[in-house]
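Protein chains in written order, with the numbering used here: chain A, 1239 to 1591; chain B, 176 to 440. In this text, a Cβ means the ideal position worked out from N, Cα and C, and glycines have one as well.
Right, dumping it as structure tokens:
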């Protein structure tokens, strides 16, 4: 449905994106993930025909975004970073206006506007001036204007930014309900968002695509090995030796001990396989060390993201980065809204959330 | 062609709607009406007014004859023209600057619309609003003219106001272009005012310049051509000049939006 090949965009002498290539299948939700300034918005603006590309081609529904710009614009719904709304219009009249300029025929307009209003849960605000709406409702009107002409392709630039958690969930559900019928590209720098809503993820950093895959595959790809967090009481050197002696353990590293009781220490254990936990427990107990915590560490999307973007940056600056994710946190499952107090060293991740 | 008209109407109606729903536009209209109403009364009825002066000269028996309605129309339109020079930049300043600020330009630019349609629709919208501001004043003038004997020719009245409307449309078209250059409405208003002022008095500058260069610059003056209209002289060169300003404004706007998309960072 969307094919992007070798797309580059230069602003003056700086390259905002370089050689971006990806494709989106019909009915799929693609998450466009990257830190701020990575080139997400630029890519989306090229796709929607707002900006011309410096090099490369992009096709939406088989039409070139530059050569057949008008045809593409008709087939695309776009929510920019700030929802484009006229504050002095009512929700309904605004949607009528958008339907009209998107080329919806007069007979269809009322039905399509009503259906967009219903889908975005805006019935009660139908006759309200947009300037009187709260941020959450404005965002919904923004989504409504992107879907009002029922376009095959929807491009959403940071659709949940600045919303409260309840609204975020509403918007995510709305986006998920649009999949299937519509092909969606969604950009974000919020990680749980992509893992929850998207079928596939494209990670972009400094204008270059570094990975495109399903969330599960990305995690797998990065962490072939298993890992555990272990908190024990007793002599640190002894504990290190004990942990290292467990068969199947590849590497043991001591981690920040802040907030731990006296005499306790915390280790990150990297193992060959994913099932060494019982052996570790048995060994620790056998050697008379107190076992306080043993949890399996699964790399989350955060780890993948940070790792990939760090590697990329490092490759450019010529530094090396430790293979293990610097922001690894014990986790039972990739939680949606991670509210647990994070590791004190984990500031990068805090910012990302 | 059908979609062109449809799109044009959509932009036009939205633009108009935004004027009629915005308190700011009402404030401008009210101030405009207040001042121009005051002009009307002062010009007609005050002790220094045109009627008082004519009757005074009659009493003195100077023997001069005045065409009072004609003199009044000329003076009044001149005043309205000067007043419009202040008011029009405030009407045009938001045309694109506001769209840029709100981010709605991105909606328009990613919709199947050409820049021309958007610019033309917007210009028609704001010109309609300006005309709506003139209508009550025309009513007042007609009431005054109804007392005239012999009856005042309607053609002169229409020609004069047509000139005012053309002057307004040219100013608004240039103002629209300036508005498309930045996302600050205040900046747009100030710059438009500067440009209009310059075009208003360019004939004064031109007389100071010798030779054909000065002459040709003088033709660009808005004031000279507008004065022709108010005096009841229909000159096609004036009409062409005003239309050229309008087309130029539209063209520059469409180009500037295009350039904006190329440069946008």
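Alpha carbon of residue i to alpha carbon of residue j, nearest angstrom
i, j, result
"residue 1371 of chain A", "residue 1329 of chain A", "9 Å"
"residue 382 of chain B", "residue 389 of chain B", "6 Å"
"residue 272 of chain B", "residue 1258 of chain A", "33 Å"
"residue 393 of chain B", "residue 376 of chain B", "9 Å"
"residue 316 of chain B", "residue 332 of chain B", "9 Å"
"residue 254 of chain B", "residue 207 of chain B", "12 Å"
"residue 1514 of chain A", "residue 1359 of chain A", "50 Å"
"residue 201 of chain B", "residue 194 of chain B", "8 Å"
"residue 1438 of chain A", "residue 1456 of chain A", "10 Å"
"residue 347 of chain B", "residue 423 of chain B", "11 Å"
"residue 1484 of chain A", "residue 1273 of chain A", "39 Å"
"residue 413 of chain B", "residue 205 of chain B", "30 Å"
"residue 1351 of chain A", "residue 1344 of chain A", "11 Å"
"residue 1418 of chain A", "residue 1263 of chain A", "10 Å"
"residue 1270 of chain A", "residue 1428 of chain A", "10 Å"
"residue 367 of chain B", "residue 301 of chain B", "15 Å"
"residue 1331 of chain A", "residue 224 of chain B", "49 Å"
"residue 421 of chain B", "residue 415 of chain B", "10 Å"
"residue 1375 of chain A", "residue 296 of chain B", "29 Å"
"residue 356 of chain B", "residue 294 of chain B", "13 Å"
"residue 1561 of chain A", "residue 1507 of chain A", "Low local confidence applies: a pLDDT of 43 at residue 1561 of chain A is under 50, so the model's placement there is unreliable, with the coordinate-based value given in what follows. Roughly 13 Å separates the two Cα atoms."
"residue 1260 of chain A", "residue 1535 of chain A", "31 Å"
"residue 1291 of chain A", "residue 1391 of chain A", "19 Å"
"residue 334 of chain B", "residue 319 of chain B", "17 Å"
"residue 1387 of chain A", "residue 1416 of chain A", "13 Å"
"residue 431 of chain B", "residue 1251 of chain A", "22 Å"
"residue 1378 of chain A", "residue 211 of chain B", "45 Å"
Test item: CB-CB of residue i and residue j under 8 Å
i, j, result
"residue 1470 of chain A", "residue 1522 of chain A", "yes"
"residue 401 of chain B", "residue 314 of chain B", "no"
"residue 1255 of chain A", "residue 1280 of chain A", "yes"
"residue 374 of chain B", "residue 397 of chain B", "yes"
"residue 1398 of chain A", "residue 1414 of chain A", "no"
"residue 304 of chain B", "residue 428 of chain B", "no"
"residue 1313 of chain A", "residue 1296 of chain A", "no"
"residue 1393 of chain A", "residue 1401 of chain A", "no"
"residue 191 of chain B", "residue 259 of chain B", "no"
"residue 1322 of chain A", "residue 281 of chain B", "yes"
"residue 1276 of chain A", "residue 1443 of chain A", "yes"
"residue 1253 of chain A", "residue 1445 of chain A", "yes"
Residue closest to residue i, alpha-carbon to alpha-carbon, out of the options
i, options, result
"residue 369 of chain B", "B/216, B/268, B/416 and B/229", "B/268"
"residue 1266 of chain A", "A/1292, A/1241 and A/1311", "A/1241"
"residue 290 of chain B", "B/257, B/186 and B/320", "B/186"
"residue 1491 of chain A", "A/1525, A/1499, A/1273 and A/1475", "A/1475"
"residue 1481 of chain A", "A/1494, A/1343 and A/1509", "A/1509"
"residue 1341 of chain A", "B/279, B/287 and B/311", "B/287"
"residue 1423 of chain A", "A/1441, A/1407 and A/1408", "A/1441"
"residue 345 of chain B", "B/276, B/204, B/250 and B/298", "B/298"
"residue 1404 of chain A", "A/1387, A/1386, A/1373 and A/1389", "A/1373"
"residue 1466 of chain A", "A/1529, A/1454 and A/1400", "A/1529"
"residue 1339 of chain A", "B/399, B/379, B/188 and B/435", "B/188"
Closer than 9 Å at the beta carbon, the chain B residues around residue i
i, result
"residue 1444 of chain A", "Going along chain B, no residue has its Cβ under 9 Å from residue 1444 of chain A, so there is no contact; the nearest lies around 16 Å."
"residue 1396 of chain A", "Per Cβ cutoff of 9 Å: no residues; residue 1396 of chain A is ~13 Å from chain B at best."
"residue 1312 of chain A", "286 and 287"
Proximal residues of chain B, C-beta to C-beta of residue i below 7 Å
i, result
"residue 1288 of chain A", "281, 284, 285 and 436"
"residue 1335 of chain A", "185 and 189"
"residue 1308 of chain A", "287"
Chain A residues whose Cβ lies nearer than 9 Å to that of residue i
i, result
"residue 178 of chain B", "1341"
"residue 350 of chain B", "Under the 9 Å cutoff, chain A gives no residues; its nearest Cβ is about 20 Å from residue 350 of chain B."
"residue 355 of chain B", "In chain order: nothing, as chain A lies at least about 16 Å away."
"residue 278 of chain B", "1318, 1319, 1320, 1321, 1322 and 1323"
"residue 182 of chain B", "1338, 1339 and 1341"
Endpoints, the alpha helix (DSSP H) within which residue i is located
i, result
"residue 380 of chain B", "377-383"
"residue 327 of chain B", "Residue 327 of chain B -> no alpha helix (DSSP H), and no H or E assigned at all."
"residue 1370 of chain A", "No alpha helix (DSSP H) holds residue 1370 of chain A; DSSP gives it neither H nor E."
"residue 1433 of chain A", "1429-1435"
"residue 1337 of chain A", "1329-1339"
"residue 1281 of chain A", "1278-1285"
"residue 1444 of chain A", "Careful: residue 1444 of chain A lies outside any alpha helix (DSSP H) and carries neither H nor E."
First through last residue of the beta strand (DSSP E) which encompasses residue i
i, result
"residue 408 of chain B", "Per DSSP, residue 408 of chain B belongs to no beta strand (DSSP E) and is neither H nor E."
"residue 1245 of chain A", "1240-1249"
"residue 1259 of chain A", "1252-1262"
"residue 1534 of chain A", "1528-1534"
"residue 1509 of chain A", "1502-1509"
"residue 1421 of chain A", "1421-1426"
Interface residues of chain A facing residue i [CB-CB closer than 7 Å]
i, result
"residue 196 of chain B", "1326"
"residue 193 of chain B", "1324 and 1326"
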